[in-house]
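Chemist: Chains as they are written, first to last, in the numbering used here: chain A, 426 to 683; chain B, 426 to 683. Each residue gets a CB set at the ideal place from its N, CA and C atoms; glycine is no exception.
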DNA sequence: GGGAAAAATTGGTTGTACCATTCCACAAGG
DNA sequence: CCTTGTGGAATGGTACAACCAATTTTTCCC
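1) Are there 16 or more other CB atoms within 10 angstroms of the CB of residue 475 of chain B, so buried, or fewer, so exposed?
2) What's the C-alpha gap between residue 545 of chain A and residue 616 of chain A?
3) For residue 593 of chain A, which residues in chain B fall below 8 Å Cβ to Cβ?
4) Are any of the Cβ atoms in chain A nearer than 8 Å to that of residue 486 of chain B?
5) Which bits of chain B does residue 544 of chain A rub up against, with CB to CB less than 8 Å?
6) I want to see whether chain A comes within less than 8 Å of residue 614 of chain B, judged by CB atoms only; does it?
7) Does residue 744 of chain A get closer than 8 Å to chain B when you measure Cβ to Cβ?
8) For residue 558 of chain B, does the three-state DSSP call read helix, strand or coil?
9) Below 8 Å on the Cβ atoms is my guess for residue 519 of chain A versus residue 596 of chain B; work out the distance and round it to an integer in Å.
10) Tell me which same chain residues have a C-beta within less than 7 Å of the C-beta of residue 683 of chain B, skipping the five on either side of it?
11) What are the complete beta strand (DSSP E) segments, minimum 3 residues, inside the stretch 495-543 of chain A?
12) Would you call the CB atoms of residue 542 of chain A and residue 604 of chain A closer than 8 Å?
13) Counting contacts by CB-CB distance shorter than 8 Å, is residue 453 of chain A in contact with chain B?
14) For the alpha helix (DSSP H) that residue 458 of chain B lies in, which residues bound it at each end?
15) Taking the Cβ atom as the reference point for each residue, do residue 656 of chain A and residue 528 of chain A lie within a distance shorter than 8 Å?
16) Does the CB of residue 507 of chain A have a neighbour CB from chain B at under 8 Å?
17) Identify, in the order they occur along the chain, each residue of the same chain with its Cβ nearer than 7 Å to the Cβ of residue 548 of chain A, setting aside the five sequence neighbours on each side.
18) What does residue 634 of chain A reach in chain B if we use C-beta pairs closer than 7 Å?
19) Can you say whether residue 483 of chain A is buried or exposed, counting buried as having 16 or more other CB atoms within 10 angstroms of its CB?
20) Would you grab the beta carbon distance between residue 477 of chain A and residue 465 of chain A for me? Rounded to a whole angstrom, and I think it's under 8 Å.
21) Mind checking if residue 430 of chain B is an interface residue toward chain A, Cβ cutoff 8 Å exclusive?
22) For residue 649 of chain B, count neighbouring Cβ atoms within 10 angstroms of its own Cβ and tell me buried if that reaches 16, exposed if not.
23) Quick one: which chain B residues come within Cβ less than 7 Å of residue 493 of chain A?
24) In terms of residues, what are the limits of the alpha helix (DSSP H) holding residue 619 of chain A?
Structural data, given as structure tokens:
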């Protein structure tokens, strides 16, 4: 378990908010705050720390968006247990700011997932393999429901991650899957489900046979195929993105600069 | 370039803050806000959106912590260009909340970096290889300065990531490096620099020879070695973490629950 | 023209007030 | 005794207003 968390201090005057976040990090690290546990009320916390509620709320909001805590009106603030969603928002902004394409996301999968599959072939428990098989059958059962089909497609891959036994890579690539899910769903509507199923089945069987090399090869085979399909779909569907609209809070748009 | 960013809307009543974040995401996605550009003043923005400055500041603070924007008093708020640091804070909390060990972080490197080295051997430009070589020489020149030595050690690996040509993996694993840097620095004090240098030199030469298989093997060799060293160091140094102290804002500690 | 002082701008912080939701205890009714 | 419901307390969400500190811009004097 890590603990070298708090960088002691920064000389340049930090925000109260930034300090508060560091404090919470520390409290979590030293176990004062337990996952699932309830935090004191905002008003109490603010007084304890000697800061205003506004500043405290800024820190809490950051933690909430990162998925560290959950806040519920009328109830309280709780420290989350796992943090599956913790990388989601940041990843989306990363994709935006660095202009990362779908193609590049698929390339990342292509770099890593074959190795994870090989590792899964080596390390998977019987239960792990059973889980991968269940997702495969769930895909078969959802042939006609694109959304569900894709969901189980991704869960199939994530089951392989789990079997590979490394949570870091597992969490990172689950986030990538999430970012790709919409486009994959669109693409799946023009691809024969049996085609996808065949490729997945080969991966499953390779892992079940504990054949690392074939697991790697079959995963590569599948992802190359998927990458090419997605890339083509992304080109055609790029206008789709433009159609996406958000609910704005006000008619007036902000002036970007001056 | 991605754009399928905004999930349209969520039916359950969202925070104003959450909505604001979505709005900014949209503004960035559609190019209304340009990297490096200046945002309107908080007071103007708040009025434009029809929200209070408090709520707006919560949203901005989230974006700032994630590295999307930078705020400077007396100056203004600017949209960052790249977002290298965007995953750092979240990653630290991820490590904390999920109780991820140094060992597991090194396992993640071990899973991915050999493949990245192989890809680098395949794709690296002459300039990429020169950069890797420069970092290697910088390591040699910093034999006696542990901190600098480790910095260039990590930059060496990141140069390989860059040469591999995938920014997603590059960014992700740079974050992991950052998390490991302190411990690696500690470890480096008990390891002969020439030992480390030899292992790095082998990787460099393999990439320069464009030998994918050897690049992979040499990287694995190095990381296995490093993993074992780090794991042992982490056990011995675990008390080090306990010595870490943070600057608290007030004497009173918050009551964790009730 | 140059430079220093003053004013305006901007993010940072605090405090207060009020709302909507949720929870909980206690009383009324069966 | 158990169920029901009702009102009050606690809690997070939002809005305003005021002031501070750092920075930039403008003004004014030499």
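Modeler: Taking the structure as given:
1) Locating residue 475 of chain B in the second chain gives position 50, where the first residue counts as 1. Exposed, since its Cβ has fewer than 16 Cβ neighbours within 10 Å.
2) Counted from its first residue, the first chain places residue 545 of chain A at position 120. Counted from its first residue, the first chain places residue 616 of chain A at position 191. Straight-line measurement puts the Cα of residue 616 of chain A at about 27 Å from the Cα of residue 545 of chain A.
3) In the first chain, counting from the first residue as 1, residue 593 of chain A sits at position 168. Those are 525, 529, 530, 532, 533 and 601, listed as they occur along chain B.
4) Here residue 486 of chain B is taken as the residue at index 61 of the second chain, counted from 1. Interface residue (Cβ-Cβ distance to chain A less than 8 Å): residue 486 of chain B is classified as such.
5) For the purposes of this step, residue 544 of chain A is taken as the residue at position 119 of the first chain. Those are 536, listed as they occur along chain B.
6) Numbered from its first residue, the second chain carries residue 614 of chain B at position 189. No, its Cβ sits nowhere closer than 8 Å to a Cβ of chain A.
7) In the structure as shown, chain A begins at 426 and stops at 683. Residue 744 of chain A is therefore absent and cannot be evaluated.
8) On the second chain, residue 558 of chain B is found 133 positions in, with the first residue counted as 1. Here residue 558 of chain B sits in helix by DSSP.
9) Residue numbering aside, residue 519 of chain A sits at position 94 when the first chain is read from its first letter. Residue numbering aside, residue 596 of chain B sits at position 171 when the second chain is read from its first letter. Yes, they are in contact, since the Cβ atoms of residue 519 of chain A and residue 596 of chain B sit about 7 Å apart, within 8 Å.
10) Stepping through the second chain from its first residue, residue 683 of chain B is reached at position 258. Confidence is the limiting factor: at residue 683 of chain B the pLDDT is only 32, short of 50, which leaves the residue's position unreliable and the question unanswerable from this model.
11) Runs of the beta strand (DSSP E) inside the stretch 495-543 of chain A: 501-504.
12) In the first chain, the residue the question calls residue 542 of chain A occupies position 117. In the first chain, the residue the question calls residue 604 of chain A occupies position 179. No, these two residues do not count as a Cβ contact at 8 Å.
13) What you label residue 453 of chain A is simply residue 28 of the first chain in a count that begins at 1. Interface residue, yes.
14) Walking along the second chain from the start, residue 458 of chain B turns up at place 33. For residue 458 of chain B, there is no enclosing alpha helix (DSSP H), as DSSP gives it neither H nor E.
15) By 1-based counting over the first chain, the position of residue 656 of chain A is 231. By 1-based counting over the first chain, the position of residue 528 of chain A is 103. In contact: residue 656 of chain A and residue 528 of chain A (Cβ atoms closer than 8 Å).
16) Position 82 of the first chain, counting from 1, holds the residue named residue 507 of chain A. It does: the Cβ of residue 507 of chain A has a partner Cβ on chain B nearer than 8 Å.
17) Within the first chain, residue 548 of chain A is the residue found at index 123, counting from 1. Excluding residues within five positions, the ones whose Cβ falls inside 7 Å are 588, 589 and 590.
18) For the purposes of this step, residue 634 of chain A is taken as residue 209 along the first chain, with counting starting at 1. Taking a Cβ-Cβ cut-off of 7 Å, residue 634 of chain A has no neighbours in chain B, whose nearest Cβ is about 21 Å from it.
19) In the first chain, residue 483 of chain A corresponds to position 58, counting from 1. Around the beta carbon of residue 483 of chain A, 16 or more other beta carbons sit within 10 angstroms, so the residue counts as buried.
20) As a working note, residue 477 of chain A is residue 52 in the first chain. As a working note, residue 465 of chain A is residue 40 in the first chain. That pair is no contact at about 16 Å.
21) Within the second chain, the letter at position 5 stands for residue 430 of chain B. Residue placement at residue 430 of chain B cannot be trusted, given a pLDDT of 36 that sits under 50; the coordinates are not used to answer.
22) As a first step, residue 649 of chain B must be located in the second chain, where it is residue number 224. Result: exposed.
23) Looking up residue 493 of chain A in the first chain gives position 68. Correct list: 518 and 522.
24) Against the first chain, residue 619 of chain A aligns to sequence position 194. Run containing residue 619 of chain A: 618-633, per the alpha helix (DSSP H) assignment.
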